[in-house]
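Protein sequence lines, in the order shown, are assigned to chains A and B.
Each residue of the first sequence is one higher than the last, beginning at 1 in our numbering.
Each residue of the second sequence is one higher than the last, beginning at 1001 in our numbering.
The structure under discussion appears below in the form of structure tokens.
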Amino acid sequence: MTDTSNLKEPEFALINSSNRFLYPHLVDQMHEDRRKVFVDLLKWNIPVIDQRYEIDQFDVDSAVYLVALDQDSKDHLASVRLLPTLKPHLLSEIFPQLCETSVPKGANIFEITRLTTAPRVRGKAHRNLLRDRMALALVEHALEHGIAAYTAQAHLAWLSQLVGFGWRTEPLGLPQPIDGQLVGAIEIFIDPWTLGVMRTRQGVIHSVLENRERISQAA
Amino acid sequence: MSSPGIFSDVQAYVRGLNACTKIEHVADLADQMTRLIGFRYYAFSHHVDVRLPTVDDYAPFSLNNYPEAWLERVVYLKSYADDPIHVACAHSLVPFRWDKLTEVISLKAAQQAVLDEASRAGLHQGVTSPIHLPGYISGSASFASDRAIDLSDEILPVAHCIGAFSFEALRRLRNTPSRQPVQFTGRMLDVIRWLSRGKSDTDMATILGLSRHTVNDYVEEAKRRVGVASRRELAIHALYSGHVTFADLMADS
């Protein structure tokens, strides 16, 4: 596993429509980093606002963001967007062809998209660490909020990573070509043993979300 | 093979994997799934380089039903250093067909010879899906047929799906009580590596600074732990359980 002994653990913030006014700088950074990654680097054909921010029709009030930030600088390091599946989301509106049968929808099913690691994060080890801790954060968040499953889509190269975190997953359909690349959709199930398995795999015993309280108290 | 039919087979396979409690069960499922998609052989292999420091809870693995004849050839053929599938995996994030290997890497004569050799041994046509988990492991899932089959590019996402989920199942199960991975000491691993490269006890004694007697003791102990009678079987086991990798075999003497 990644040797994390000399890497700083991130803090986490859970940003929603009620508390986003507490994190204006962080939210701006997140959208700017999303632009840098998805538009500048990956060349996705998605809207950019003010030539700076990547924001689409799903960045609405019902969206929730799990954000990993630097403990000291409070800079955006990584983030993921959670969308309720009972409302319009990517899988239901844009990529239904990725599901062989119906798109999973439920009060306790959320879609995770725009998983971003900020360009300011240097080095494979640090990026791997953030990716790993984000997965743990998603599971802790699910357990806290009664989320039973996540849906996600990914290019093939990333799909095996998504499947390989230690949580139970199932394919929603065979990967399909989208803009010339194969993309697959999966469902991630949160079981009672998921958090324990993933913590063991990453060699951590602490909660990754507990730092959240310190931030909101300080704000 | 209609697409909806294949997906429900893949879905059933993944659900079966998620319910497996033993690696033997994964092998059974994989064998069935491989035939369902029109192939005969499968190999889920882990390409870790054992010379790098490894973490206690992590052991390399390999699961396959490749023909015995090929497994033996790979160990003793000089051209094992030129396994083009292995090389191609390092250059691709997406699955590829063996008959389109030149789109991934430029084939050297020795590598083409390995392909021809594999074909004669029963690995005639195939596909491979590289599996990369940065910070953890790199490996591949391969499917091969021993006869000419009608390969279409549509098999590639299927192969990747099966491979990705199978890898995760194997990682999950690798330390279950029913199948404890064989443990070797560092010194024993050194001996096994050199043995796999054809070195005699005398050579190994010189290389490792041990007495011939000690080298022989290590070999015998390793054979005992694996449960095989010959050095050749020991070398094959070490290669396909991942204790010895192609990288080890490729290293300069």
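Note that CB positions come from ideal geometry on N, CA and C, so glycine has one too.
Ordered along the chain, which non-local residues of its own chain (more than five positions away) have a Cβ less than 8 Å from that of residue i?
{"i": "Leu136(A)", "result": "Leu195, Met198, Arg199, Gln202, Val204, Val208"}
{"i": "Phe38(A)", "result": "Trp44, Ile46, Glu54, Arg114, Thr116"}
{"i": "Leu1107(B)", "result": "Pro1084, Leu1101, Leu1115"}
{"i": "Arg1231(B)", "result": "Leu1195, Val1219, Lys1223"}
{"i": "Leu156(A)", "result": "Pro175, Gln181, Leu182, Val183, Gly184"}
{"i": "Val1087(B)", "result": "Ile1105, Gln1111"}
{"i": "Gln71(A)", "result": "Lys8, Glu9, Pro10, Glu11, Asn211"}
{"i": "Val121(A)", "result": "Leu77, Ala78, Arg127, Leu130"}
{"i": "Glu140(A)", "result": "Leu195, Ser207, Val208, Leu209"}
{"i": "Leu1156(B)", "result": "Val1094, Pro1095, Phe1096, Arg1097, Val1127, Ser1129"}
What is the rounded straight-line gap between the Cα of residue i and the Cα of residue j?
{"i": "Ile1131(B)", "j": "Gln29(A)", "result": "32 Å"}
{"i": "Ser147(A)", "j": "Phe110(A)", "result": "The sequence shown places Ile at residue 147(A), rather than the Ser named in the question. Rounded to the nearest angstrom, the two C-alpha atoms are 7 Å apart."}
{"i": "Glu9(A)", "j": "Asp1116(B)", "result": "50 Å"}
{"i": "His25(A)", "j": "Asn1065(B)", "result": "55 Å"}
{"i": "Glu1220(B)", "j": "Leu1036(B)", "result": "41 Å"}
{"i": "Asp50(A)", "j": "Ala68(A)", "result": "25 Å"}
{"i": "Ile1137(B)", "j": "Lys1022(B)", "result": "21 Å"}
{"i": "Gly1163(B)", "j": "Leu1071(B)", "result": "20 Å"}
{"i": "Ala1019(B)", "j": "Glu93(A)", "result": "32 Å"}
{"i": "Leu1195(B)", "j": "Ala1027(B)", "result": "28 Å"}
{"i": "Ile190(A)", "j": "Phe95(A)", "result": "23 Å"}
{"i": "Asp59(A)", "j": "Ala1169(B)", "result": "35 Å"}
{"i": "Thr1202(B)", "j": "His1213(B)", "result": "9 Å"}
{"i": "Val1050(B)", "j": "Asn1216(B)", "result": "Only weak support is given to the placement of Val1050(B): the predicted model assigns it a pLDDT of 36, under 50, and the question is left unresolved by the model."}
{"i": "Ser62(A)", "j": "Ser18(A)", "result": "10 Å"}
{"i": "Asp1031(B)", "j": "Ser73(A)", "result": "52 Å"}
{"i": "Phe21(A)", "j": "Val27(A)", "result": "9 Å"}
{"i": "Phe1039(B)", "j": "Leu129(A)", "result": "38 Å"}
{"i": "Cys99(A)", "j": "Lys105(A)", "result": "12 Å"}
{"i": "Glu11(A)", "j": "Ile1105(B)", "result": "42 Å"}
{"i": "Val1014(B)", "j": "Pro88(A)", "result": "28 Å"}
{"i": "Trp1098(B)", "j": "His1160(B)", "result": "14 Å"}
{"i": "Thr1185(B)", "j": "Asn6(A)", "result": "28 Å"}
{"i": "Lys1199(B)", "j": "Arg1120(B)", "result": "27 Å"}
{"i": "Ile1207(B)", "j": "Asp1146(B)", "result": "41 Å"}
{"i": "Arg1171(B)", "j": "Ala1110(B)", "result": "33 Å"}
{"i": "Leu1173(B)", "j": "Ile188(A)", "result": "19 Å"}
{"i": "Ala1069(B)", "j": "Val1226(B)", "result": "20 Å"}
{"i": "Thr169(A)", "j": "Gly1209(B)", "result": "49 Å"}
{"i": "Leu1151(B)", "j": "His1025(B)", "result": "28 Å"}
{"i": "Arg1193(B)", "j": "Ala1235(B)", "result": "8 Å"}
{"i": "Gly1135(B)", "j": "Arg133(A)", "result": "13 Å"}
{"i": "Glu210(A)", "j": "Leu1133(B)", "result": "27 Å"}
{"i": "Gly1122(B)", "j": "Pro1067(B)", "result": "7 Å"}
{"i": "Ser1008(B)", "j": "Glu1154(B)", "result": "15 Å"}
{"i": "Tyr1042(B)", "j": "Gly1005(B)", "result": "21 Å"}
{"i": "Ala1012(B)", "j": "Phe1143(B)", "result": "19 Å"}
Tell me, which residues are paired with residue i by DSSP?
{"i": "Val184(A)", "result": "Note that residue 184(A) is Gly in the sequence shown, not Val. DSSP output for Gly184(A) lists Ala154(A) as bridge partner(s)."}
{"i": "Asn1064(B)", "result": "Ala1043(B)"}
{"i": "Phe1096(B)", "result": "Thr1128(B)"}
{"i": "Ala78(A)", "result": "Ala68(A), Thr117(A)"}
{"i": "Ala1238(B)", "result": "None; Ala1238(B) has no bridge partner."}
{"i": "Phe110(A)", "result": "Pro84(A), Tyr150(A)"}
{"i": "Glu170(A)", "result": "Glu187(A)"}
{"i": "Gln176(A)", "result": "Val183(A)"}
Please go through the same chain and pick out, in chain order, the residues whose beta-carbon is closer than 6 Å to the beta-carbon of residue i, but skip the five residues on each side of it.
{"i": "Gly1139(B)", "result": "Ser1045, His1046, His1047, Ile1131"}
{"i": "Ala154(A)", "result": "Leu162"}
{"i": "Gly166(A)", "result": "Val197, Met198, Arg201"}
{"i": "Leu138(A)", "result": "none"}
{"i": "Arg81(A)", "result": "Ala63, Tyr65, Thr113, Arg114"}
{"i": "Phe1165(B)", "result": "Val1014, Leu1017"}
Apart from the five residues on each side of it in sequence, which residues of its chain come closer than 7 Å, Cβ to Cβ, to residue i?
{"i": "Glu32(A)", "result": "Arg52, Tyr53"}
{"i": "Asn16(A)", "result": "Val64"}
{"i": "Leu91(A)", "result": "Leu98, Cys99, Val103, Glu111, Thr151, Gln153, Ala185"}
{"i": "Ala1205(B)", "result": "Ser1211, Arg1212, Val1215"}
{"i": "Gly1016(B)", "result": "Leu1029"}
{"i": "Arg34(A)", "result": "Glu54, Arg114, Thr116"}
{"i": "Ala1118(B)", "result": "Trp1070"}
**OP:** With 7 Å as the limit, tell me which residues of the segment 1133 to 1162 of chain B have their beta carbon closer than that to any beta carbon of chain A; keep them in chain order.
**Re:** Flagged, chain order: Leu1133, Pro1134, Gly1135, Tyr1136, Pro1157, Val1158, His1160, Cys1161.
**OP:** Check each residue of the segment 159 to 171 of chain A: if its Cβ is closer than 8 Å to any Cβ of chain B, include it; give the result in chain order.
**Re:** From the segment 159 to 171 of chain A, only Leu159, Ser160, Gln161, Val163, Gly164, Gly166, Arg168, Thr169, Glu170, Pro171 have a Cβ closer than 8 Å to chain B.
Subject >> Interfacial residues, the segment 143 to 158 of chain A to chain B, with Cβ spacing under 8 Å >> reply: Taking a C-beta cut-off of 8 Å against chain B, the contacting residues of the segment 143 to 158 of chain A are Leu156, Ala157, listed in chain order.
**OP:** Select from the segment 97 to 111 of chain A all residues with a C-beta closer than 7 Å to any C-beta belonging to chain B, and list them in chain order.
**Re:** Answer in chain order: Glu100.
**OP:** Give, in chain order, every unbroken run of the alpha helix (DSSP H) that is at least 4 residues long and sits entirely within the segment 1109 to 1188 of chain B.
**Re:** The qualifying runs are 1109 to 1121, 1155 to 1173.
Original post:
What residues in the segment 1080 to 1105 of chain B have a beta carbon less than 8 Å from any beta carbon of chain A?
Top reply: Taking 8 Å as the Cβ-Cβ cut-off against chain A, the residues of the segment 1080 to 1105 of chain B that qualify are Leu1093, Val1094, Pro1095.
**OP:** Report the residues of the segment 1004 to 1022 of chain B with a CB closer than 9 Å to any CB of chain A, ordered along the chain.
**Re:** Taking a C-beta cut-off of 9 Å against chain A, the contacting residues of the segment 1004 to 1022 of chain B are Pro1004, Ile1006, Phe1007, Ser1008, Val1010, Gln1011, Val1014, Arg1015, Asn1018, listed in chain order.
Subject >> Cβ-based contacts, 9 Å cut-off: residues of the segment 111 to 126 of chain A near chain B >> reply: Of all residues in the segment 111 to 126 of chain A, those with a C-beta nearer than 9 Å to a C-beta of chain B are Lys124, Ala125, reading in chain order.
Subject >> Sequence ranges, beta strand (DSSP E) only - wholly within the segment 6 to 70 of chain A, length at least 3 >> reply: You should have 11 to 15, 64 to 69.
Original post:
What residues in the segment 1118 to 1131 of chain B have a beta carbon less than 9 Å from any beta carbon of chain A?
Top reply: Against chain A - using a Cβ distance shorter than 9 Å - the residues of the segment 1118 to 1131 of chain B are Ser1129, Pro1130, Ile1131.
Original post:
Which residues, taken in chain order from the segment 1199 to 1223 of chain B, show a beta carbon closer than 7 Å to some beta carbon of chain A?
Top reply: In summary, no residue of the segment 1199 to 1223 of chain B has a CB separated from any CB of chain A by less than 7 Å.
Original post:
When Cβ atoms are compared, which residues of the segment 11 to 40 of chain A fall closer than 7 Å to chain B?
Top reply: Listed by position, the residues of the segment 11 to 40 of chain A near chain B (Cβ gap below 7 Å) amount to none.
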